[in-house]
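Engineer: Submitted below is the structure of interest, expressed as structure tokens.
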Amino acid sequence: MGRNAIDRTEVEYRISRLHWLDHFREGWSIFIKNPLGKIGLGLLVLFGLMAACSYIPPLLDPMYRPMVGVDPEIASSVGPSLRHWLGTDFMGRDILSQLLAGARVAFMVGVSAAFMTVVLGTAIGMSAGYMGKSLDTLLMRLADMVMVMPTLLFVLMVSALFGQLDIWVIVLIIGLFRWPGVSRVIRAQTLSLKQRPFVEAARVAGAGHLRIIFRHIMPNVLPLAFLYMTFRVTSAITIEAALAFLGFGDPGTVSWGMMLQWVWRTGHMFKAPYWLLPPGICISLITLSFYMVGRAMDEVLDPRLRKEEEAS
Amino acid sequence: MDLWKFIVRRLIQVVVIFFVILTALFLLFRLAPGDPVERMVDPTMTPEDAQRLVKVLGLHEPLHTQYGVYLKNFVQGRFGTSFHYGQPVEDIIWEKLPNTILLFTTAIILSALTGIALGKIASWRKGSRVDTWLTIGSLATHTVFLPWLALILIWIFAYRLGWFPITGMISEEVWLDPDAGIWVKTLDVAHHMVLPLGTLFLIHFGSTLLVMRSSMLETLKEDYILTARAKGLTEKAIRNRHAAKNAALPVVTGVGLSLAFSINGGALTETVFTWPGIGRELVFAVSQSDYPLAQAAFLLIALVVLVSNVIVDVLYAYLDPRIRY
């Protein structure tokens, strides 16, 4: 009899996996119908192309290397020309190649920090929700505490003490500080999943805690975690950009925030709109597109939101 | 008195959290590479002065005694001497704090009120052109990169059009003029405040609008709205008195949760506009390696965030009688 029950959960699991693919197709068709999702995804593809293209200019000519390449004939900021489509910065470096390299940095920082946040947030949220009791209280109080810390200012303090920070250290700190929001949502979801019949069935069938967590609860919270990842990408990109803008970024990396810092500190912001505008527009647009993709995904995951839109 | 119990509990929580932050900062400062004495004592001080400061801060003692001295000094409001200014840190901090509070609270309150009012309109006329534009506008202003927005505003309104001063909080010629009355001075500060306030306002009102809009849409589906309609109340009364009041509750929580995030924005705004506030002081202190000042500024900002969070929570509990913790 016990054997039977296990078989049944196994079958259920297989079915649910099939469903998962169907869900994905269904979700995708809803997602792509949403104008927000379409525009956001389109923009992201564009930024992805920018990041991919960032490898091309340095191959054409060493003066197009974003950080160290200097045009031998230009030693100051000059407006757009055929040779430099977006002009040059204060020491004759090509702005377009910096902008392309910036896209790469933005994706790298945003996605890796967000991934870390979400892994941490999901793990903590699931443990708190599933285990309950004192572990729950402890983890959630910790979340409260981390939540009120202004991340940017904390990274500033760390860089004051430890000197210029490597880009990966910055990513790590952002990851360590942005998980509480995710873990709260995941915890709530886990609490409700724990009461569902299929978890009960698995437990009666003799599944251990780890099996229940990984096989039955995790697949159900992952979509939500993924949704939060898109929102966390925006905040990670913004924090890195702000840090670089204030002059505490990784000096070996050309990010959009770094470019803005150069315009600002060298006093070119009134003289060189061709230099001031592109990085700011890029940061704002990439944040906006991740945000739009997140909102469109939100609608896929929360049918209530969808019905509301359809009714209108 | 449930509310009082709740307030006391939240306050105890704040004390505990702040204590942890204090301890974390203490450890960070002692564990970072380099000599903590060099970090807390100005290298240009005379040896006697330096000796005295080392004693006051307890830097010659073992770590656990230092910790005790550190806590005692904090409670008494002593943070050491700023390297850059050569003055006690606490004096500088108290001088800058009101400027930050003035800018920040005005921005938060203004953007919350505008966000609520516009979100109400957007949800009421859902699907109309007004709604679409308001939503797009708030999405765009919500995600724009703050320092860049500040630079653009300076470029357009201060540099090109010359309507507002480029930086600072006061003009010296007005404040040094003995004939200038309090009104002239207030106007001068307000004139300087328009652009930084505008920046913070633009960044914040969008999120409030979006939260208010979706919360209002949710509220409009409630039974009591149907009842209000059935009673024959005017649409305006339903919108303002029945729906909006209840829908505004999540906005309050939203403002509270995003406070830590907004304070980052506040520091950036102050830095770009050289507004003499505590956020700019922190950025400046970090870039100057003025450790005592940076430490105190950070602690104070953390404290402000914590206390405002409690205020928001209490406000929420007061506004919504269903919430009891």
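Chains as they are written, first to last, in this note's numbering: chain A, 1 to 312; chain B, 1001 to 1325.
For each residue, glycine too, the CB sits at the ideal point set by N, CA and C.
#1: Only counting the same chain, and skipping five residues up and downstream in sequence, which positions put a Cβ closer than 7 Å to that of A:V111?
#2: Just to check my reading of the structure: B:L1146 and B:G1265 have Cβ atoms closer than 8 Å, yes? What is that Cβ distance to the nearest angstrom?
#3: List in chain order: all unbroken alpha helix (DSSP H) runs of 4+ residues lying wholly within the stretch 116-152 of chain A.
#4: Going by beta carbon distance, what residues of the same chain come within less than 8 Å of A:V254, once the five residues before and after it are set aside?
#5: Counting pairs of Cβ atoms below 8 Å between the stretch 219-230 of chain A and the stretch 1107-1119 of chain B, do you hit three or more?
#6: Quick check on this structure: which residue in B:A1032, B:V1305, B:S1258 has the alpha carbon closest to the alpha carbon of B:G1206?
#7: Could you tell me the boundaries of the alpha helix (DSSP H) in which B:G1254 lies?
#8: The alpha helix (DSSP H) with A:W275 in it runs from where to where?
#9: Does the beta-carbon distance from A:A242 to A:L36 come in below 7 Å?
#10: Assess, as a yes-or-no matter, whether the stretch 77-96 of chain A is touched by the stretch 1008-1023 of chain B under the definition of 3 or more beta carbon pairs within less than 8 Å.
#11: Any contact of the stretch 152-161 of chain A with the stretch 123-140 of chain A, i.e. 3+ C-beta pairs under 8 Å?
#12: Rounded to the nearest angstrom, what separates A:K307 and B:K1120 at their Cα positions?
#13: Would A:T266 and A:F90 be called neighbours here (beta carbons separated by less than 7 Å)?
#14: Are the C-beta atoms of B:W1275 and some chain A residue less than 7 Å apart?
#15: If you check the beta carbons only, do B:L1210 and B:L1118 fall under 7 Å apart?
#16: Kindly list, in the order they appear in chain B, the residues whose Cβ is closer than 9 Å to that of A:W264.
#17: With a threshold of 8 Å, are at least 3 pairs of Cβ atoms found where one atom belongs to the stretch 1019-1033 of chain B and the other to the stretch 1293-1310 of chain B?
#18: Can you list, in chain order, the residues of the stretch 1165-1197 of chain B whose Cβ is nearer than 8 Å to any Cβ on chain C?
#19: Could you tell me which whole alpha helix (DSSP H) segments of length 4 or greater appear in the stretch 1087-1161 of chain B?
#20: If we define contact as Cβ-Cβ less than 7 Å, is A:T117 a contact residue for chain B?
#21: For B:P1217, which residues in the same chain have their Cβ closer than 7 Å to its Cβ, ignoring the five residues on either side in sequence?
#22: Identify, in the order they occur along the chain, each residue of the same chain with its Cβ nearer than 6 Å to the Cβ of B:R1213, setting aside the five sequence neighbours on each side.
#23: Taking C-beta pairs closer than 7 Å, name the residues in chain B that A:A241 reaches, listed in chain order.
#24: Measuring alpha carbon to alpha carbon, tell me which residue in B:F1019, B:T1219, B:L1153, B:T1132 is nearest B:F1201.
#25: When Cβ atoms are compared, which residues of the stretch 22-48 of chain A fall closer than 9 Å to chain B?
#26: Since B:W1133 meets chain A, which of its residues come closer than 8 Å, beta carbon to beta carbon?
#27: Compute the beta-carbon to beta-carbon distance between B:I1203 and B:L1149, rounded to the nearest angstrom, for a pair I have assumed lies under 8 Å.
#28: I'd like to know whether the C-beta of A:S97 is nearer than 7 Å to at least one C-beta of chain B.
#29: For the 8 Å Cβ check, are there 3 or more pairs between the stretch 1133-1141 of chain B and the stretch 1225-1232 of chain B?
#30: Quick one: grab the DSSP three-state call for B:D1042.
#31: Mind checking who A:D94 pairs with in its DSSP beta bridge?
#32: By DSSP, does A:T238 sit in helix, in strand, or in coil?
#33: Among B:R1239, B:T1065, B:T1234, which residue has its Cα nearest to the Cα of B:L1220?
#34: Assign B:Y1081 to one of three DSSP states: helix, strand, or coil.
#35: From this set, B:L1139, B:V1054, B:K1096, which residue's C-alpha is nearest B:G1277's C-alpha?
#36: Just confirm the distance between the C-beta atoms of B:F1083 and B:A1317, as a whole number of angstroms; I'd bet it's less than 8 Å.
Structural biologist: Taking the coordinates as given:
#1: If we look at A:V111 and ignore the five residues flanking it on each side, its Cβ neighbours are V233.
#2: That belief holds up - the Cβ atoms of B:L1146 and B:G1265 are roughly 5 Å apart, short of 8 Å.
#3: For the alpha helix (DSSP H) assignment, the uninterrupted runs of no fewer than 4 residues enclosed by the stretch 116-152 of chain A are, from N- to C-terminal side, 133-147.
#4: Cβ within range, chain order: P66, M67, Q98, A101, G102, V105.
#5: Two segments are said to touch when three or more pairs of C-beta atoms, one from each, lie closer than 8 Å; by this definition the stretch 219-230 of chain A does not touch the stretch 1107-1119 of chain B.
#6: Between B:G1206 and the set B:A1032, B:V1305, B:S1258, the nearest pair of CA atoms involves B:S1258.
#7: In the DSSP assignment, B:G1254 falls within the unbroken alpha helix (DSSP H) covering 1249-1257.
#8: According to the DSSP assignment, A:W275 belongs to the alpha helix (DSSP H) that extends over 273-301.
#9: The Cβ atoms of A:A242 and A:L36 do not sit closer than 7 Å to each other.
#10: The stretch 1008-1023 of chain B, when compared against the stretch 77-96 of chain A, does not touch it at the 8 Å Cβ threshold.
#11: They do not touch, by the three-pair rule.
#12: Residue confidence for A:K307 is low, a pLDDT of 49 falling below 50, so the modelled location carries little weight and cannot support an answer.
#13: In this structure, A:T266 sits near A:F90, with a CB-CB distance shorter than 7 Å.
#14: Cβ-Cβ to chain A under 7 Å: no for B:W1275.
#15: Taking 7 Å as the Cβ cut-off, B:L1210 and B:L1118 do not qualify as a contacting pair.
#16: In chain order: P1147, L1151, V1272.
#17: A contact between stretches requires three or more CB pairs, one per stretch, nearer than 8 Å, and the stretch 1019-1033 of chain B meets this requirement with the stretch 1293-1310 of chain B.
#18: No chain C appears in the structure shown, which is made up of the protein chains A and B.
#19: Within the stretch 1087-1161 of chain B, the complete alpha helix (DSSP H) runs of at least 4 residues are 1089-1124, 1129-1143, 1146-1153.
#20: It does not; no Cβ of chain B falls within 7 Å.
#21: Contrary to the premise, residue 1217 of chain B reads as Leu rather than Pro in this sequence. Annotation for B:L1217: S1123, K1126 place their beta carbon closer than 7 Å to its own, counting only its chain and skipping 5 residues before and after.
#22: If we look at B:R1213 and ignore the five residues flanking it on each side, its Cβ neighbours are G1119, A1122, S1123.
#23: For A:A241, the neighbours in chain B by C-beta distance under 7 Å run, in chain order, F1145.
#24: For B:F1201, the nearest C-alpha among the options comes from B:L1153.
#25: Listed in sequence order: L36.
#26: Neighbours of B:W1133 on chain A: none; closest Cβ ~14 Å, over 8 Å.
#27: Yes, they are in contact, since the Cβ atoms of B:I1203 and B:L1149 sit about 7 Å apart, within 8 Å.
#28: Output row for A:S97: interface = no.
#29: No, the stretch 1133-1141 of chain B is not in contact with the stretch 1225-1232 of chain B.
#30: Note: B:D1042 maps to coil in three-state DSSP.
#31: Bridge pairing for A:D94: A:T88 [DSSP].
#32: Reduced to three states, the DSSP call for A:T238 is helix.
#33: In this structure, B:R1239 is the residue among B:R1239, B:T1065, B:T1234 with its C-alpha nearest to the C-alpha of B:L1220.
#34: The sequence given here has Thr at residue 1081 of chain B, not Tyr. Under the three-state reduction of DSSP, B:T1081 is assigned to strand.
#35: In this structure, B:K1096 is the residue among B:L1139, B:V1054, B:K1096 with its C-alpha nearest to the C-alpha of B:G1277.
#36: Actually they do not touch by this definition, with Cβ atoms about 44 Å apart.
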